[in-house]
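First residue of the first sequence? That's 566 in the numbering used here, and the numbers climb one at a time after it.
Glycine included, each C-beta is placed from N, C-alpha and C at the ideal position.
Scroll down for the structure; my scribbles are underneath it.
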Amino acid sequence: MADLNINIYNSLTRKKEKFVPIKYPFVGMYVCGPTVYGDPHLGHARPAITFDLLFRYLKHLGYKVRYVRNITDVGHLENDADEGEDKIGKKAKLEQLEPMEIVDYYTNRYHKAMEQLNVLTPSIEPRASGHIIEQIEMTKKILEAGYAYISNGSVYFDVLKYSEKYNYGKLSGRVLEDLYSNTRELDGQHEKKNSFDFALWKKASPEHIMRWPSPWSVGFPGWHLECSVMGHKYLGEQFDIHGGGMDLLFPHHECEIAQNTVAVGENSIKYWIHNNMITINGQKMGKSLGNFITLEEIFTGNHKLLEQAYSPMTIRFFILQAHYRSTLDFSNEALKAAEKGLARLLKGAEILEKLKSSDSSDVNATELKEKCYEAMNDDLNSPIVIANLFEALKTINSIDNGTLKIDANNLQILKETYNTFLFDILGIIPEKKSNADSEVLKPVVDLVLNLRLKAKKEKDFSTSDYIRDELTKLGFKIKDTKEGFEWEL
RNA sequence: GGUACCUUGGCCGAGUGGCUAGGCAUCGGUCUGCAAAACCGACUACGGCGGUUCGACUCCGCCAGGUACCUCCA
């Protein structure tokens, strides 16, 4: 068994820390999921895959992980808390649908994309709209503690009051004085004592569709509240990991910490983990910037920036080839490189199954195994894991070629390591080869290639080349081997 | 304007105070009737200027360029 000495970067302390769960062997992990008002895009794939990697790895190490990833279907406003429209509500009006139709439609689309990316389903996937009562309860608690105030039917968190006793900005490094001078003048700020106060409950304007009764007004909960509520509801007063995109660090996660501190207790979450953004031409890919590419567009190649379609596994591999805390720049060239590299690794897995062991061994597979664990333990360094797998691939091919030998024991470890890391931990699945395995096609192609083999033996190269060229045109890859031939579609 | 971060070879991307990750592309070689695949080899980089050091891509300072957050965003 691998050692459990994982180091992980904690945004809260800004350094790598040894991961020690609050209550071994259980791990509670909460990750901010999507606001379901549009198709999932490449940016959504990053946190999903990053935390899927963590989820898989922790489980692999034997932890009992409860992974909660929410669906935001209410309270996420288009603009500033006072004047903005709810994202879902806006879309619903636009398309003349019930808000919940929008929510279900895009939630399903999200799930489908996640499945294609081989992202495991979380243990619990709660919706904000299903936790209105709990959100009202938490708002009450914060009011009772004296860290919130009611203004015109809305409830706001009193950041100034909070910062007298606690450190607002401990996560983001934000300084309150800076927020004073730098928050823009926006309409409707008059309800708040200070511009940096944030809403816990909002009174609904007449045209606002999504609304619930509360002690203060008919309205809806503030965006930051849902994660605090659902995280603690399902993972307890204290839990281990809270994750999300770096862009949520401020204000979203900072506000969560403030709410938690008042309503649940200080330091209720141990590790804050943030993935970096995917950029396109060096700029963040984002809904508001309009430069995003949806996952469906990538899978079909139907976008003006795409030179071709890229499979879900190519995307997954592409994302894992960069460290999760680095920005990752999108380009066709990089994606094609990922595609080719991945295909080689998968081919290696097939060859590995057929390898024969020898009496002696030039290969030390234990070393590979240790290097892979070491990389994962060092803040989930998936690029290093992949680099190690490529080294292993070289070894595999060399054994296949007969230039290296491996004994049974090392072969066993090599297989275990290669398959465990590639498939179980990195979560790669072999892509389905269209019709290559079809019952009808295989004998036909084999027949044709056997004819070619015969031609070759008779040195009738014009015929054999003709067959190969024609099959290549049809998309077959033909490979001659010592024994005869191999092909794939 | 404030805060933080980044700048690595043709491209993507790890990493380290001295031991030149990895992938893709390109160019040689081996193998092959020729290819393909595979293997071997080549190309060996760390924005600029100073400083610390026996030694810096890695630490410090300055400069340049870029990005993110400060408003919704994964």
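Is residue i near residue j, with beta carbons less than 8 Å apart?
i, j, result
"V794", "H696", "yes"
"V720", "W781", "yes"
"C792", "E819", "no"
"N572", "D972", "no"
"A713", "F722", "yes"
"M842", "T892", "yes"
"Q803", "I993", "no"
"Y574", "K583", "no"
"K767", "E699", "no"
"I636", "P599", "yes"
"V1013", "I1032", "yes"
"L954", "F986", "yes"
"V596", "G787", "no"
"N683", "R881", "yes"
"D894", "V592", "no"
"I667", "A657", "yes"
"S728", "L741", "yes"
"L814", "S737", "yes"
When DSSP labels each residue in this structure, what does residue i get in the three-state scheme?
i, result
"K959", "helix"
"N572", "strand"
"A908", "helix"
"D1045", "strand"
"I689", "strand"
"V554", "Outside the displayed range of the chain (566 to 1054) lies residue 554, so it cannot be described from this structure."
"E802", "coil"
"E1059", "A query on residue 1059 cannot be resolved here, the shown segment of the chain reaching from 566 to 1054 and no further."
"G810", "strand"
"D645", "In this predicted model, D645 has a pLDDT of only 39, less than 50, meaning its place in the structure is not dependable enough to derive any value."
"T859", "strand"
"A852", "According to the sequence displayed, residue 852 carries Lys and not Ala. Looking at K852 - three-state DSSP - the assignment turns out to be coil, as it is neither helix nor strand."
"H609", "helix"
"E1053", "strand"
"E582", "strand"
"H696", "helix"
"S728", "helix"
"Y622", "helix"
"L659", "helix"
"E666", "helix"
"I701", "helix"
"G967", "coil"
"N673", "helix"
"S1029", "helix"
"H797", "helix"
"N1015", "helix"
"V1010", "helix"
"I993", "coil"
"N984", "helix"
"A874", "coil"
"M566", "Residue placement at M566 is poorly supported in this model, since its pLDDT is 44, which falls under 50; the coordinates still yield a value, given next. Of the three classes helix, strand and coil, the one that applies to M566 here is coil, per DSSP."
"L1036", "helix"
"E563", "Absent from the model: residue 563. The displayed extent of the chain is 566 to 1054, so no value can be given."
"L682", "coil"
"L979", "helix"
"L577", "coil"
"L736", "coil"
Among all the DSSP beta bridges, which residues are the ones paired with residue i?
i, result
"F591", "K588 and K629"
"Y714", "Y721"
"R634", "V596"
"K706", "According to DSSP, which records beta bridges pairwise, K706 is partnered with nothing at all."
"D972", "S923"
Next item on the list: Ignoring anything shorter than 3 residues or poking outside the stretch 739 to 788, list the beta strand (DSSP E) runs there in chain order.
Entry: Annotation note: the stretch 739 to 788 contains the following uninterrupted beta strand (DSSP E) runs of length 3 or greater, listed N- to C-terminal: 763 to 768 and 784 to 786.
Check: In chain order, which alpha helix (DSSP H) runs of at least 4 residues are fully inside the stretch 814 to 844?
Finding: Qualifying alpha helix (DSSP H) stretches, in chain order: 819 to 828.
Next item on the list: Run through the stretch 876 to 953 for me and flag every whole beta strand (DSSP E) of 3 or more residues, listed as ranges in chain order.
Entry: Those beta strand (DSSP E) runs which fall completely within the stretch 876 to 953 and span 3+ residues are 893 to 895.
Check: Contact between the stretch 616 to 635 and the stretch 917 to 932: three or more CB pairs below 8 Å?
Finding: With the rule of 3 Cβ pairs closer than 8 Å, the stretch 616 to 635 does not count as touching the stretch 917 to 932.
Notebook entry, point to check: Three or more beta-carbon pairs under 8 Å between the stretch 614 to 629 and the stretch 861 to 869, yes or no?
Noted result: Two segments are said to touch when three or more pairs of C-beta atoms, one from each, lie closer than 8 Å; by this definition the stretch 614 to 629 does not touch the stretch 861 to 869.
Next item on the list: Give a yes or no on contact between the stretch 926 to 936 and the stretch 965 to 979, applying the rule of three or more CB pairs nearer than 8 Å.
Entry: Yes, they touch.
Next item on the list: Tell me, please, whether the stretch 620 to 628 touches the stretch 838 to 858 by the rule of three or more beta-carbon pairs shorter than 8 Å.
Entry: In short, these stretches do not touch, since the Cβ pair count stays below three.
Item checked: Inter-stretch contact (C-beta, 8 Å, three-pair minimum) for the stretch 896 to 904 and the stretch 946 to 963 -> Touching, no, given that fewer than three Cβ pairs across the two stretches are closer than 8 Å.
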